[in-house]
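Everything on this sheet refers to the single structure shown next.
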Amino acid sequence: MPNPKHRHSKQRKNKRRTHYKATAPALTTCSNCGAVKMPHRVCPECGYYRGKLAVEKKTASA
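Our numbering puts the first residue of the sequence shown at 1339, with every later residue one more than the last.
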């Protein structure tokens, strides 16, 4: 197995890593309630996905 002959400097390491950036998540609005949600996922506020009820919201029971 080949091994590195020389140590890479911090500058070289950091220059290589400049393209490894975290991107902001794409957000959309729910067509049912207008809440902000991630695309292609069930709305966490109302439980609807593509106009249909996908998950029933749990209610606080005493």
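For every residue, glycine included, the Cβ atom is placed at its ideal position computed from N, Cα and C.
- For the pair of segments examined, the stretch 1356-1367 was found to touch the stretch 1375-1395: the number of CB pairs separated by less than 8 Å reaches three.
- As the crow flies, the alpha-carbon of C1371 is around 29 Å from that of A1360.
- Between R1388 and S1369, the alpha-carbon positions lie close to 8 Å from each other.
- DSSP places T1356 within a helical segment (H, G or I) once states are collapsed to three.
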